[in-house]
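The listed protein sequences correspond, in order, to chains A and B. So the first sequence is numbered by my numbering: it starts at 823 and just counts up by one. So the second sequence is numbered by my numbering: it starts at 823 and just counts up by one. C-beta atoms are modelled at their ideal positions from N, C-alpha and C, and glycine is treated no differently. Presented below is the structure to which this report refers.
Number of protein chains: 2
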Amino acid sequence: MPPDTSPLPRVAVIGLGSMGFGMASSLRRRGLNVTGCDVSADAVARFVAEGGQGAATPAEAARDCDVVVSVVVNAAQTESILFGEEGVAASLPQGAVVVSSATMDPDIVRRLAARIEAGGWLYLDAPISGGALRAAQGELTILASGSAAAFAKARPALDAMAAKLYELGDQPGQGAAFKMINQLLAGVHIAAASEAIAFAAKQGLDLRRVYEVITASAGNSWMFENRVPHVLDGDYTAKSAVDIFVKDLGIVQDMARSAKFPVPLAAAALQMFLMTAGSGMGRDDDASVARIYARVAGARLPGDDATPESSV
Amino acid sequence: MPPDTSPLPRVAVIGLGSMGFGMASSLRRRGLNVTGCDVSADAVARFVAEGGQGAATPAEAARDCDVVVSVVVNAAQTESILFGEEGVAASLPQGAVVVSSATMDPDIVRRLAARIEAGGWLYLDAPISGGALRAAQGELTILASGSAAAFAKARPALDAMAAKLYELGDQPGQGAAFKMINQLLAGVHIAAASEAIAFAAKQGLDLRRVYEVITASAGNSWMFENRVPHVLDGDYTAKSAVDIFVKDLGIVQDMARSAKFPVPLAAAALQMFLMTAGSGMGRDDDASVARIYARVAGARLPGDDATPESSV
Chain A
823 MPPDTSPLPR VAVIGLGSMG FGMASSLRRR GLNVTGCDVS ADAVARFVAE
873 GGQGAATPAE AARDCDVVVS VVVNAAQTES ILFGEEGVAA SLPQGAVVVS
923 SATMDPDIVR RLAARIEAGG WLYLDAPISG GALRAAQGEL TILASGSAAA
973 FAKARPALDA MAAKLYELGD QPGQGAAFKM INQLLAGVHI AAASEAIAFA
1023 AKQGLDLRRV YEVITASAGN SWMFENRVPH VLDGDYTAKS AVDIFVKDLG
1073 IVQDMARSAK FPVPLAAAAL QMFLMTAGSG MGRDDDASVA RIYARVAGAR
1123 LPGDDATPES SV
Chain B
823 MPPDTSPLPR VAVIGLGSMG FGMASSLRRR GLNVTGCDVS ADAVARFVAE
873 GGQGAATPAE AARDCDVVVS VVVNAAQTES ILFGEEGVAA SLPQGAVVVS
923 SATMDPDIVR RLAARIEAGG WLYLDAPISG GALRAAQGEL TILASGSAAA
973 FAKARPALDA MAAKLYELGD QPGQGAAFKM INQLLAGVHI AAASEAIAFA
1023 AKQGLDLRRV YEVITASAGN SWMFENRVPH VLDGDYTAKS AVDIFVKDLG
1073 IVQDMARSAK FPVPLAAAAL QMFLMTAGSG MGRDDDASVA RIYARVAGAR
1123 LPGDDATPES SV
């Protein structure tokens, strides 16, 4: 028997959106053999043009793979690409690992992981954060949990995608639970930043001065510092869309209701994201929540025109 | 006429609590002539023992002064020490400046300033932040607004008390408005941190790991980073009491209602502070909001004993 030369693993990346494309590129740059798959043939063609391999279906992408990285939007899409028609399960070799990055309810993660493990594969719960730029640079933060075998099998791919890998436990669902705590806070902080900056505008304060004072004070948050500049510039081109937090705070609220745990702050924030999405701004930047406060209360934000309409 | 030798101003500090005592000491250390006054004779005696001068009433403290620094708890106390019996107005020389540091509704600040200015004095709206330690070190942040004359007259005192002086406009009330924006955010962030850490406990997550992950992630806030360690240590000795945010979010809600501006996040946070204060923890540390979530939902926080009672 020839010696095991431990070749770099073959990886399939399912979902070539703003995060997945960057992750696939990072994997390829580190010398891994990467096949990309997306419902958009254009996205696959772009990845092939960059030197990657393309596949028309998850089943085709997963054939002969050691690692499948799932980077779709939610639990329903994850289930579909794994177990749906032409899904990963139809072709993935036994013993391979599924690295699942969509933000999901931990209960759903546990159910998906059980199905994967029952099929003879490994499952790594691996939600991500960091945004598209850091995805493209291979510098994501990954909040991972799963068995030692799943970590070991996925490690070359994780190392290529992450600047910071948190190993948060040996059970799938733990990574997802950490992620949801982060999303609860992030969503509340975006809504609070929007409430505060619009209230400052209503009082006629110099908003750039407010930004300067708050970012140096105890009222600061990562989200205030990151999102309020979009309001100051009147630029609501989506860096992260309102719809993301409609989804993620929705998951928080479902989890909390199921656990009989009251989340009045997250619930109030979700209502503000729903108002914003319902007003036609779901695909705009999530700092658009500030525009809803301003419209409701007659405050004027930078870049407001006379007829307050959605930018979509 | 002899040349003006511009002697250092005589300063009265009214209110020798945890902030005022440190501010009075900082002023004295810089060589200013400082008289302290407080309803507590013990506090005055401590200041005298340190080498300061003491006075029994605001009127006595303000006699011959150039600057009066008011460091009481709220608008009612501020009005009382200025215009009440034996108040500052009974003795303060014409042209002196009142530096007012209590957190107040900007409308009330404008009314107090108008009365002071009508009396022939100057008014500087000067809310503070930074805590007792920085007060004692002369390193507060001061959010000030007022006339150029008020700033000029107060400057030697401001320089002795502040590491960072924001000059936010020429109208009293502007400093207060900036401060209330900060308090809105700070209060919401304490409640959100409490909601998140107790929800994490309910899910059985390792809370020190949650702290590590969140403080390195987009869900972080100044308050999460500062207050959650109190929860991790199970130590609710008041560094800043629940009652402070019952008051300050109450002011935010009153201001917002008066302006017909909805503040659903601040309103939800206020309800949590009210529940906490109403449960007997008003004088405990404001991280006690996390204990209310935990008690309501049956989550166990570090240091919880079997019988969930207030520590007061």
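Contact set between K1024/A and chain B, taken where Cβ atoms lie within less than 8 Å = Sequence index remark: in the first sequence, residue 1024/A carries index 202 (1-based). Going along chain B in sequence order, the residues near K1024/A (Cβ under 8 Å) are A1081 and F1083.
inquiry  = Between the alpha carbons of V1111/B and I1012/B, how many angstroms are there, rounded?
reply    = By 1-based counting over the second sequence, the position of residue 1111/B is 289. By 1-based counting over the second sequence, the position of residue 1012/B is 190. Distance between the alpha carbons of V1111/B and I1012/B is about 8 Å.
task = Could you have a look at N1048/B and say whether DSSP puts it in helix, strand or coil?
result = Working through the second sequence from its first residue, we reach residue 1048/B at position 226. Of the three classes helix, strand and coil, the one that applies to N1048/B here is helix, per DSSP.
query = Is there a Cβ from chain B that is less than 8 Å from the Cβ of V1032/A?
reply = Position 210 of the first sequence holds residue 1032/A. For V1032/A, the answer is yes, since a Cβ of chain B falls inside 8 Å of its Cβ.
Alpha carbon of S862/B to alpha carbon of D927/B, nearest angstrom = Here residue 862/B refers to the residue found at position 40 when the second sequence is read from its first residue. Here residue 927/B refers to the residue found at position 105 when the second sequence is read from its first residue. When rounded, the distance between both Cα atoms is 26 Å.
message = With a threshold of 7 Å on Cβ separation, who are the neighbours of A911/B within its own chain once the five nearest residues in sequence on each side are excluded?
response = Numbered from its first residue, the second sequence carries residue 911/B at position 89. Same-chain partners within the cutoff: L904, F905 and G941.
request  = Output yes if chain A places a C-beta closer than 8 Å to the C-beta of Q1093/B; else output no.
outcome  = By one-based count along the second sequence, residue 1093/B stands at place 271. Yes, because at least one Cβ of chain A sits closer than 8 Å to the Cβ of Q1093/B.
ask   = Would you say N896/A reaches chain B, if we count a Cβ-Cβ gap shorter than 8 Å as a contact?
value = To locate residue 896/A, count along the first sequence from 1; it is residue 74. For N896/A, the answer is no, since every Cβ of chain B falls outside 8 Å of its Cβ.
key: Helix, strand or coil at D929/B according to DSSP, with G and I counted as helix   = In the second sequence, residue 929/B corresponds to position 107, counting from 1. Residue state, collapsed to three classes: helix.
inquiry  = With the cut-off set at 8 Å, would you say V894/B and A924/B are in Cβ contact?
reply    = Position 72 of the second sequence, counted from the first residue, corresponds to residue 894/B. Position 102 of the second sequence, counted from the first residue, corresponds to residue 924/B. Cβ atoms of V894/B and A924/B: closer than 8 Å.
key: Which of helix, strand or coil DSSP assigns to R1105/A   = Position 283 of the first sequence, counting from 1, holds the residue named residue 1105/A. R1105/A falls in the coil class under three-state DSSP.
ask   = If you drop the 5 nearest sequence neighbours on each side, which residues of the same chain put their C-beta closer than 8 Å to that of S1132/A?
value = As a position in the first sequence, residue 1132/A is number 310, starting the count at 1. With a pLDDT of only 45 at S1132/A, under 50, the local geometry of the prediction cannot be trusted, and no value is derived from it.
message = If we define contact as Cβ-Cβ less than 8 Å, is G1041/A a contact residue for chain B?
response = Residue mapping note: residue 1041/A aligns to position 219 of the first sequence, counting from 1. Yes, contact with chain B.
request  = Quick one: grab the DSSP three-state call for E882/A.
outcome  = Start at 1 with the first residue of the first sequence, and residue 882/A comes out as number 60. In this structure, E882/A counts as helix in the three-state DSSP scheme.
inquiry  = Whole angstroms are fine: how far does the CA of K986/B sit from the CA of G876/B?
reply    = Position 54 of the second sequence holds residue 876/B. Position 164 of the second sequence holds residue 986/B. C-alpha separation (whole angstroms): 28 Å.
request  = Please classify T1037/A: does DSSP put it in a helix, a strand, or coil?
outcome  = Start at 1 with the first residue of the first sequence, and residue 1037/A comes out as number 215. Looking at T1037/A - three-state DSSP - the assignment turns out to be helix.
message = Taking a contact to mean a Cβ-Cβ separation below 8 Å, would you say F1000/A touches L965/A in this structure?
response = Position 178 of the first sequence holds residue 1000/A. Position 143 of the first sequence holds residue 965/A. Yes; because the gap between Cβ atoms is below 8 Å, this pair is in contact.
request  = Can you give me the Cβ contacts of A982/B inside the same chain, cut-off strictly under 7 Å, excluding the 5 residues immediately before and after it?
outcome  = Numbered from its first residue, the second sequence carries residue 982/B at position 160. The answer, listed in chain order, is S848, L849, R852, L854 and G960.
ask   = Roughly how many whole angstroms lie between the Cα atoms of K1024/A and A1109/A?
value = Here residue 1024/A refers to the residue found at position 202 of the first sequence. Here residue 1109/A refers to the residue found at position 287 of the first sequence. Cα to Cα, K1024/A sits roughly 17 Å from A1109/A.
query = What's the C-alpha gap between I1114/B and M1094/B?
reply = Locating residue 1114/B in the second sequence gives position 292, counting from the first residue. Locating residue 1094/B in the second sequence gives position 272, counting from the first residue. Distance between the alpha carbons of I1114/B and M1094/B is about 8 Å.
ask   = Using a Cβ-Cβ cut-off of 8 Å (strictly less than) and excluding sequence neighbours within five positions of P1058/B, which residues of its own chain qualify?
value = Start at 1 with the first residue of the second sequence, and residue 1058/B comes out as number 236. First, the amino acid is wrong: residue 1058/B is Tyr here, not Pro. So the list reads H1052, M1103, D1106, D1107, A1109, S1110, R1113 and S1133, once near-sequence residues are dropped.
task = May I ask you to report which of helix, strand or coil DSSP gives K986/A?
result = Residue numbering aside, residue 986/A sits at position 164 when the first sequence is read from its first letter. K986/A falls in the strand class under three-state DSSP.
Inter-residue Cα distance where the pair is S902/B and W1044/B = In the second sequence, counting from the first residue as 1, residue 902/B sits at position 80. In the second sequence, counting from the first residue as 1, residue 1044/B sits at position 222. If you take the alpha carbons of S902/B and W1044/B, they lie about 34 Å apart.
ask   = Which partner residues does S969/A have in the DSSP bridge list?
value = The sequence position of residue 969/A within the first sequence is 147, counting from 1. None, per the DSSP bridge assignment.
inquiry  = Could you tell me which whole beta strand (DSSP E) segments of length 3 or greater appear in the segment 1067-1128 of chain A?
reply    = none
key: Contact list for M1045/A against chain B, beta-carbon separation under 9 Å   = In the first sequence, residue 1045/A corresponds to position 223, counting from 1. By Cβ distance, chain B contributes A1040, G1041, N1042 and S1043.
ask   = Any idea what DSSP makes of D860/B, helix, strand or coil?
value = Mapped onto the second sequence, residue 860/B falls at position 38. It is coil, neither helix nor strand.
message = Classify D864/A: buried if its beta carbon has 16 or more other beta carbons within 10 angstroms, exposed otherwise.
response = Within the first sequence, numbered from 1, the residue matching residue 864/A stands at position 42. Exposed is the call here.
message = Taking only three categories from DSSP, how would you classify T900/A?
response = Residue 900/A sits at position 78 when you count from the first residue of the first sequence. Here T900/A sits in helix by DSSP.
ask   = How about V1010/B: is its C-beta nearer than 8 Å to some C-beta of chain A?
value = Working through the second sequence from its first residue, we reach residue 1010/B at position 188. Closer than 8 Å: yes.
inquiry  = To the nearest angstrom, how far is the alpha carbon of A970/A from that of G1056/B?
reply    = For this step, residue 970/A is matched to residue 148 along the first sequence. For this step, residue 1056/B is matched to residue 234 along the second sequence. Spanning the two alpha carbons is a distance of roughly 33 Å.
ask   = Do A976/A and V919/A have their C-beta atoms closer together than 8 Å?
value = If you number the first sequence from 1, residue 976/A lands on position 154. If you number the first sequence from 1, residue 919/A lands on position 97. Yes, these two residues count as a Cβ contact at 8 Å.
query = Which value, in whole angstroms, describes the spacing of the CA atoms of G1120/A and A1078/B?
reply = Along the first sequence, read from residue 1 onward, the residue named residue 1120/A stands at position 298. Along the second sequence, read from residue 1 onward, the residue named residue 1078/B stands at position 256. Distance between the alpha carbons of G1120/A and A1078/B is about 13 Å.
Beta-carbon spacing of D1065/B, A1099/B below 8 Å = Within the second sequence, the letter at position 243 stands for residue 1065/B. Within the second sequence, the letter at position 277 stands for residue 1099/B. Yes, they are a contact pair.
Proximal residues of chain A, C-beta to C-beta of L990/B below 9 Å = What you label residue 990/B is simply residue 168 of the second sequence in a count that begins at 1. Residues of chain A passing the Cβ test: L1027, D1028, R1031 and V1035.
task = Give the straight-line distance between the Cα atoms of R1031/A and G917/A, rounded to the nearest whole angstrom.
result = Translated into positions along the first sequence, residue 1031/A becomes position 209. Translated into positions along the first sequence, residue 917/A becomes position 95. Cα-Cα distance, rounded: 57 Å.
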